[in-house]
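**Q** Under the numbering used here, read the sequence shown as residues 29 to 183, first letter to last. Built from N, CA and C at the ideal position, the CB exists for glycine as well. Handing you a structure now.
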Amino acid sequence: MLSLARTARILATVFALIALTGCPAGPTSGMTLEKSPDGDIEILAIDKDGDIAHQPGRFLQAVRRSDSKLVIVDCWASWCGPCRALAPILEDIKRERGDDIEVVKVDVDANPDIARFLNASAIPDVRIYREGVQVYDFVGLMPKGEIDSILKSLK
29 MLSLARTARI
39 LATVFALIAL
49 TGCPAGPTSG
59 MTLEKSPDGD
69 IEILAIDKDG
79 DIAHQPGRFL
89 QAVRRSDSKL
99 VIVDCWASWC
109 GPCRALAPIL
119 EDIKRERGDD
129 IEVVKVDVDA
139 NPDIARFLNA
149 SAIPDVRIYR
159 EGVQVYDFVG
169 LMPKGEIDSI
179 LKSLK
């Protein structure tokens, strides 16, 4: 039989792992943005020195594209450890792929209506869109190599 202290340590470990990796929130591929609220977001861009710049933008304008460019939407918060760990990975991907993709950052605290519409109940919640239709999603921290493989498969 487990002691109370051992049970508490096991539960603490489980909760820590969930907090580090995120947990499934039920996003669905094929979702469209027809009734999505709009809001202020950041778009990752590459400046003239090759550094990542965070430019202001609007959610719907950034995600509803008529071209076939992939748009990565990162629902995040400044207080979220896994979100902070994912940020440089997405910046590296933007730097490597340049204008082939867009990376859009949605602060869930500043845009609760968008987060609610997307059903982003765990973060980081990452969606990938093409022509305004969701084609892939994942929740939690994912290694760069896996994200690269996903993007390659969606080309």
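With a cut-off of 8 Å on the beta carbons, I'd call P171 and W104 a contact; round off their distance for me.
**A** Start at 1 with the first residue of the sequence shown, and residue 171 comes out as number 143. Start at 1 with the first residue of the sequence shown, and residue 104 comes out as number 76. Incorrect: roughly 17 Å between the Cβ atoms, too far for contact.
**Q** Got a sec? Which residues, its chain only, sit under 6 Å from Y157 by beta carbon, not counting five neighbours each side?
**A** Looking up residue 157 in the sequence shown gives position 129. Once the five neighbours on either side are set aside, the close Cβ partners of Y157 are V91 and V99.
**Q** I'd like to know if the region 72 to 85 and the region 119 to 134 are in contact, where contact means that at least 3 CB-CB pairs between them fall below 8 Å.
**A** The answer is yes - the region 119 to 134 touches the region 72 to 85, with three or more Cβ pairs under 8 Å.
**Q** Are the beta-carbon atoms of V163 and T60 separated by less than 9 Å?
**A** As a first step, residue 163 is located in the sequence shown; it is residue number 135 there, counting from the start. As a first step, residue 60 is located in the sequence shown; it is residue number 32 there, counting from the start. Not a contact, by the Cβ cut-off of 9 Å.
**Q** Have a look at K97 and K180 and give me their C-alpha separation to the nearest angstrom.
**A** For this step, residue 97 is matched to residue 69 along the sequence shown. For this step, residue 180 is matched to residue 152 along the sequence shown. Each residue's alpha carbon lies about 12 Å from the other.
**Q** Give me the residue from D68, R125 and E62 with the minimum Cα distance to N139.
**A** Your numbering for residue 139 matches position 111 in the sequence shown. Of D68, R125 and E62, the residue nearest in Cα terms is D68.
**Q** When the Cα atoms are used, what is the spatial distance from K76 to G85?
**A** Sequence index remark: in the sequence shown, residue 76 carries index 48 (1-based). Sequence index remark: in the sequence shown, residue 85 carries index 57 (1-based). So the alpha carbons of these two residues sit roughly 19 Å apart.
**Q** Closest Cβ-Cβ distance between Y157 and chain B: below 9 Å?
**A** Absent from the structure is chain B; it holds one protein chain and no more.
**Q** Would you kindly check if the distance between the Cβ of S94 and the Cβ of I142 is under 9 Å?
**A** The residue given as residue 142 occupies position 114 in the sequence shown. The residue given as residue 94 occupies position 66 in the sequence shown. No; because the gap between Cβ atoms is not below 9 Å, this pair is not in contact.
**Q** So, at 6 Å on beta carbons, what are the nonlocal neighbours of R123 in its own chain, with the 5 sequence-adjacent residues on each side left out?
**A** Stepping through the sequence shown from its first residue, residue 123 is reached at position 95. Cβ within range, chain order: n/a, list empty.
**Q** So if DSSP puts C103 in a beta bridge, which residue, or which two residues, is it bridged to?
**A** On the sequence shown, residue 103 is found 75 positions in, with the first residue counted as 1. Paired residues: V134 and D153.
**Q** With a 10 Å radius around its C-beta and 16 neighbouring C-beta atoms as the bar for buried, classify G109 as buried or exposed.
**A** Position 81 of the sequence shown, counted from the start, is the residue given in the question as residue 109. Classification of G109: exposed, given that the 10 Å Cβ count is below 16.
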